[in-house]
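First up is the structure itself, then whatever we jot down about it.
Number of protein chains: 2
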Amino acid sequence: MKSYWIWNCGDYEIFHTNRVNSRRQQYGMDYPAFWRFYDVDRNVIFLTKVQAPRDGQLILHLNGTGYLKVDGVMYGDEKQVPIRRGEHALEIHVVHLSGLPAAYIESDVAATDGTWYTRSATLEKIPVGWDEKYDKPTDDPETFPFSYETVVPVCTEHTDGGILYDFGKEIFGLLHINGVCAQERIHVSYGESRQEALDTAFAVVQEDVAGQSAYCLRPRAFRYIFLTGTASAQLHAQLEYVPLPNKGFFRCDREDVNQIWQMCAYTLQLNMREVLTEAVKRDRWLWGGDAYQAFKFVPYLCSDSGIVRRSLIGLRGKEPFCEHINTITDYSLLWVMGVLEYYENYGDADFVRFIYPRAVSLMAFCAGREDENGFIVKKHADWIFIDWADMDKTGAVCAEQMLYIAANRAMAKLAQVIGADGESFTQKAKSLTDKVNRFFWCAEKGAFIDSFTSGRKNVTRHANIFAVLYDIADEAQRESIVRNVLKNEDVDKITTPYFEGYELDAMGKLGDVDYIYHMLTTYWKGMLDLGATTVWEAYDPQQSGVEHYAMYGDRYQKSLCHAWGASPIYLLGRYFLGVAQTASGYETFEVRPQRGQFGFVDGAVPVKGGYVRVTLSQKELCVVSTVDGGTLVWQGARYPMEKDKEIRLTF
Amino acid sequence: MKSYWIWNCGDYEIFHTNRVNSRRQQYGMDYPAFWRFYDVDRNVIFLTKVQAPRDGQLILHLNGTGYLKVDGVMYGDEKQVPIRRGEHALEIHVVHLSGLPAAYIESDVAATDGTWYTRSATLEKIPVGWDEKYDKPTDDPETFPFSYETVVPVCTEHTDGGILYDFGKEIFGLLHINGVCAQERIHVSYGESRQEALDTAFAVVQEDVAGQSAYCLRPRAFRYIFLTGTASAQLHAQLEYVPLPNKGFFRCDREDVNQIWQMCAYTLQLNMREVLTEAVKRDRWLWGGDAYQAFKFVPYLCSDSGIVRRSLIGLRGKEPFCEHINTITDYSLLWVMGVLEYYENYGDADFVRFIYPRAVSLMAFCAGREDENGFIVKKHADWIFIDWADMDKTGAVCAEQMLYIAANRAMAKLAQVIGADGESFTQKAKSLTDKVNRFFWCAEKGAFIDSFTSGRKNVTRHANIFAVLYDIADEAQRESIVRNVLKNEDVDKITTPYFEGYELDAMGKLGDVDYIYHMLTTYWKGMLDLGATTVWEAYDPQQSGVEHYAMYGDRYQKSLCHAWGASPIYLLGRYFLGVAQTASGYETFEVRPQRGQFGFVDGAVPVKGGYVRVTLSQKELCVVSTVDGGTLVWQGARYPMEKDKEIRLTF
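Chain order of the listed sequences is V and C. So in the working numbering, spot 166 of the first sequence is number 166, and the numbers just go up one at a time. So in the working numbering, spot 91 of the second sequence is number 91, and the numbers just go up one at a time.
Structure (structure tokens):
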């Protein structure tokens with residue numbers, strides 16, 4: 001019978017997240033993440049009842065050690081166990097002290113699959129975890145099912161006393177060095193940029209090898225490889241990736257924007273691995289804020305729920321929750337919002353049912369961080385991040401409260417999804433909204449201020465962007481924010497692509513697609529013009545040459561393949577193609593196309609297993625969806641969309 | 001400088017406990033324990049400040065991957081790091097996803113030792129764990145430092161188509177088979193008894209080997225080995241043990257009792273491993289009730305605090321505490337009492353400081369298991385064990401409340417040790433005592449009844465023994481209990497050595513040493529007469545032959561080397577030699593010798609790093625202690641004891 005490896009629900013994701021977060025290397029050092037790691041349950045009991053259609057037998061395979069009970073009788077693994085026709089209570093016990101406990105039944109009359117369950121401490125049944133990719137007894141759930149593709153250098157150059165290999169674009173993969181002598185002591189210098197690879201004093205990732213005639217080096221990010229110590233090497237790489245075909249696309253009359261979209265898509269693809277890494281060179285970790293941004297991009301590219309779900313589980317970990325996600329207060333709150341984002345995009349209530357208790361304990365932890373006004377504040381080693389910006393973080397920080405409101409509202413909605421009582425979250429969101437307006441709204445500035453504690457009345461974009469994005473500002477406040485903050489040149493500009501994502505989202509929400517168009521055709525185009533094949537972590541048009549690659553005081557610390565820079569995928573799909581869900585899982589959705597300054601836009605956005613195609617030129621609008629549930633909204637009119645029926649409007 | 005491997009405090013113990021609890025095998029199956037496993041923290045940060053006496057350097061060794069920070073600057077492991085004279089802030093980051101994260105600094109100017117600390121979620125400093133046995137960079141904290149001793153069979157017998165090897169007494173160790181041919185398919189059958197080894201259909205532990213000319217089989221318990229399939233084998237074993245020299249001893253005029261003491265001591269020695277196993281053949285697990293019994297024996301034998309401390313940490317695990325220890329309600333409560341027992345015996349307030357928060361959360365978990373009267377009851381998968389006995393377990397069970405009172409009292413005392421507020425525990429103990437008397441004391445029976453819910457008024461010894469042992473019964477109740485329960489032949493006898501330990505302790509406390517003498521010279525002597533070399537899990541004098549080895553419906557499931565049978569060590573030291581601490585860590589202690597029916601008793605009990613020697617014959621009492629703090633109490637008079645000054649009384 002068709003069988004799958006099963007494990008304790010969520011532990012597969014935590015197992016692989018731990019690997020992701022402990023793989024970073026730089027300057028010859030291992031550099032694991034600094035936050036708390038959670039782990040798998042070491043001792044797991046899987047239960048089910050099976051109905052054997054006839055007499056038969058089974059063999060239990062384990063990742064770990066343990067046994068099977070059939071109607072209370074114990075059997076070892078890897079042994080033929082007779083099963084008589086009829087109903088049987090099966091129970092698998094498996095312990096794995098250093099890996100992921102998992103089980104697989106090979107049989108003609110029984111199987112391990114999603115009908116199995118574990119029991120919580122209160123004896124509730126919790127469906128096991130499983131994945132269709134692990135369906136053979138020889139499969140190993142500890143090995144993530146990556147795909148590999150051979151890539152060869154597009155050009156080779158003798159320089160600086162060695163050979164520089166250019167793979168043409170950034171890749172993440174295993175480097176194979178063949179055709180060398182065992183006597184040669186070879187130095188391998190990796191570079192996201194040509195300069196980095198050649199700068200063997202400062203390149204972040206380097207390795208010395210010797211003693212073999214061929215090498216396969218561990219998966220790393222690079223475009224350039226600089227070898228010294230050998231002249232005969234033949235290089236190729238195996239690109240390591242998860243095959244997630246793009247279901248969305250975007251093209252327009254501007255070739256640079258088309259290239260930007262491709263660059264963003266490729267950047268996101270490289271980072272959609274076991275979980276969403278924030279970058280492939282540095283840090284290669286699962287960061288909550290970066291992932292939350294990507295959660296918004298993914299539905300407009302491949303709409304893969306798996307990568308989002310795995311990241312959410314990996315970020316949250318397990319109990320006890322005694323440290324903010326990545327130690328950052330905002331990231332805990334964004335995680336809760338991310339769970340709702342996931343539900344709204346994919347409509348997966350089972351996942352909400354599974355994760356909800358962990359969201360509740362996270363919010364209880366946050367509640368333990370409130371000051372006398374009920375505002376969330378820093379305690380102990382908490383990191384109030386929000387953004388790298390000159391923000392007044394004295395006492396309760398306004399932007400943090402905006403997220404706290406949004407997280408409480410998200411909790412109320414999630415509670416509703418699974419029929420839990422979310423009234424306390426609704427009330428908390430209301431009282432917080434009221435207090436935020438009382439304490440942080442500054443009539444004099446016509447904006448929310450960072451801190452009321454310091455008395456400095458400092459205004460930054462951040463809290464005000466959140467106020468717009470999360471509908472905390474009312475109509476009047478919104479107008480005031482646009483005038484006094486967003487369009488006010490005197491207020492410091494956003495300096496990170498991370499927060500630029502929020503700002504552009506707010507601009508889109510406010511209907512200002514020209515602002516987005518402008519940023520695409522200047523800021524993103526700037527990187528493109530500098531030869532970027534993936535989007536950078538940060539980009540300052542004022543800098544030049546090798547300056548672009550520096551960060552944190554180090555010459556090449558900047559990541560040149562950073563997921564958070566991929567927001568154009570979202571912005572173009574959401575605000576130009578204009579597709580957005582209006583009921584969870586795209587059960588219903590609206591299409592509100594806007595051409596802005598483009599001559600035409602043409603693209604597709606994944607919806608509910610299908611896609612919606614939108615083509616808008618100066619003369620014609622054409623919309624068609626492969627699924628039901630859509631409504632085209634065009635110039636005030638609403639056009640219900642039928643599956644596969646094209647709507648064509650000409651002007 | 002003298003350096004030690006350091007780890008997250010408590011994780012070494014949890015790491016090794018998990019190994020202990022997952023090593024059991026029977027009938028060719030792996031049989032890990034069925035309860036919740038906790039695990040080490042995967043990501044650990046060690047901190048300290050060092051004062052380098054001069055310029056020097058260090059090398060960091062890690063069990064895991066990570067790095068060192070010296071005054072904020074990162075260095076990799078296994079590299080020479082320069083350290084300038086003066087003060088430095090050191091920080092070690094280490095991740096180990098499959099083992100025990102640990103670190104060791106090799107240096108002439110700095111060291112890893114007990115002055116390092118980790119930080120709790122609330123930034124408290126928690127001293128690291130370390131052990132003097134791991135003081136070299138090549139030491140591996142994942143390898144428990146057992147000692148080994150070669151043991152050879154004392155006799156060999158050709159029988160049943162094979163060869164039976166008798167090692168003379170029960171051992172636990174690795175079996176070496178030498179001098180065989182690779183072609184031979186050898187069957188190895190282990191036996192704690194001769195019959196078990198020969199019964200290849202039913203022996204619990206068996207293994208087939210082939211393909212080599214020599215084998216070393218994993219550590220197991222056995223006295224007999226039966227080999228078939230080879231005639232040329234040379235066997236020897238390596239006894240695996242922790243060298244803990246006996247500091248206590250006992251001898252008297254009855255050679256059988258002397259042998260019983262030796263047998264008990266050896267039984268306990270075999271079970272004092274990484275943690276206290278309850279037995280060496282089956283289950284080889286860390287059981288809370290069994291360990292609690294042994295906690296009382298150890299101070300009268302070797303007085304090793306390490307074995308008790310490791311067991312306490314291993315039993316309790318970490319957070320969240322969401323399942324009773326071994327799933328058994330009583331074992332959770334006994335654990336709390338065990339912590340106090342540990343403190344009273346060894347005076348180690350640092351450990352209490354470390355473990356107290358885990359005791360608090362355990363008690364909070366128990367509080368969540370209370371009924372409307374405040375009695376602790378079964379919830380979900382809880383196991384109300386107390387003993388294998390015909391007990392009325394309807395509703396709240398009396399014996400369980402007795403332990404709940406004792407555990408609350410223990411918490412109050414532990415709170416006092418570390419200056420925490422234990423008032424709630426004091427109050428809870430008081431109100432419980434009051435309610436237990438109101439609900440469970442039956443004037444008609446003159447005893448505590450098992451259950452007031454059922455209306456059956458069933459009386460067993462268990463609750464009444466606890467009432468005496470833990471001073472819950474007042475003087476009048478105590479007399480009534482002795483008359484109506486303990487000395488009442490109509491009340492079912494205790495059937496397990498486990499609970500017999502409590503009963504004899506109560507008898508000793510009541511001054512009835514003749515009862516203990518009687519049990520030693522009949523019950524324990526019965527096993528001795530049947531050839532026991534270690535104490536059995538259970539013994540029924542009515543049985544005969546191979547019947548003795550059966551348990552749980554299986555022919556040889558009974559353990560013939562069971563720690564809980566070693567109570568004579570405690571009983572003889574505590575009630576005949578009469579030594580007992582009166583202030584924690586034997587700061588003060590009393591000696592109240594009783595000869596009972598012995599012609600003479602002579603022995604030593606470890607006290608505070610030294611020992612007290614007691615010799616009592618019909619004509620003379622001689623007491624001497626190698627440490628201060630003792631008081632001899634003899635026939636109503638108190639004699640203060642001076643270090644090394646013998647007190648000799650003749651009559």
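Positions of the beta carbon are idealized from the N, C-alpha and C atoms, including for glycine.
Backbone CA spacing between residue i and residue j [nearest angstrom]
i                      : j                      : result
residue 47 of chain V  : residue 336 of chain V : 31 angstroms
residue 578 of chain V : residue 572 of chain V : 8 angstroms
residue 295 of chain C : residue 64 of chain V  : 32 angstroms
residue 232 of chain V : residue 553 of chain V : 36 angstroms
residue 652 of chain C : residue 599 of chain C : Since the displayed chain C opens at 1 and closes at 651, residue 652 of chain C lies outside it and no answer follows.
residue 42 of chain V  : residue 96 of chain V  : 5 angstroms
residue 640 of chain C : residue 169 of chain C : 43 angstroms
residue 514 of chain C : residue 522 of chain C : 12 angstroms
residue 489 of chain V : residue 368 of chain V : 39 angstroms
residue 390 of chain C : residue 373 of chain V : 58 angstroms
residue 645 of chain C : residue 237 of chain C : 45 angstroms
residue 129 of chain V : residue 10 of chain V  : 6 angstroms
residue 425 of chain C : residue 436 of chain C : 16 angstroms
Identity of the residue in the options nearest residue i by Cα
i                      : options                       : result
residue 586 of chain V : V:315, V:325, V:282 and V:344 : V:344
residue 108 of chain V : V:55, V:328, V:90 and V:19    : V:55
residue 459 of chain V : V:476, V:469, V:441 and V:544 : V:441
residue 172 of chain C : C:219, C:503, C:188 and C:637 : C:219
residue 92 of chain V  : V:447, V:74, V:331 and V:290  : V:74
residue 387 of chain V : V:415, V:636, V:381 and V:330 : V:330
residue 98 of chain C  : C:483, C:16 and C:116         : C:16
residue 319 of chain V : V:38, V:160, V:274 and V:448  : V:38
residue 590 of chain C : C:631, C:431 and C:576        : C:631
residue 402 of chain V : V:482, V:265 and V:429        : V:429
Beta-carbon gap between residue i and residue j smaller than 8 angstroms
i                      : j                      : result
residue 123 of chain C : residue 40 of chain C  : no
residue 312 of chain C : residue 339 of chain C : yes
residue 8 of chain V   : residue 50 of chain V  : no
residue 77 of chain V  : residue 88 of chain V  : no
residue 2 of chain C   : residue 111 of chain C : yes
residue 558 of chain V : residue 256 of chain V : no
residue 420 of chain V : residue 346 of chain V : no
residue 399 of chain V : residue 466 of chain V : yes
residue 509 of chain V : residue 468 of chain V : yes
Beta-carbon proximity list for residue i, same chain, < 6 angstroms, skipping 5 on both sides
i                      : result
residue 215 of chain C : 177 and 209
residue 616 of chain C : 593, 595 and 601
residue 628 of chain V : 643
residue 451 of chain V : 392, 394 and 395
Cβ neighbours of residue i in the same chain (closer than 7 angstroms, five flanking residues each side left out)
i                      : result
residue 203 of chain V : 189, 190, 191, 196, 197 and 556
residue 485 of chain V : 447, 459, 461, 464 and 491
Close Cβ partners of residue i (< 8 angstroms) along its chain, the five nearest in sequence each way excluded
i                      : result
residue 268 of chain C : 294, 297, 298, 301, 563, 566 and 569
residue 239 of chain V : 148, 149, 150, 151, 171, 172 and 173
Give a yes or no on contact between the stretch 619-636 of chain C and the stretch 251-265 of chain C, applying the rule of three or more CB pairs nearer than 8 angstroms.
Cβ pair count under 8 angstroms is below three, so no.
Decide yes or no for the touch test of the stretch 141-152 of chain C against the stretch 25-34 of chain C: beta carbon pairs closer than 8 angstroms, at least 3 of them.
no
Contact between the stretch 239-256 of chain V and the stretch 603-619 of chain V: three or more CB pairs below 8 angstroms?
yes
Contact between the stretch 537-553 of chain C and the stretch 472-479 of chain C: three or more CB pairs below 8 angstroms?
no
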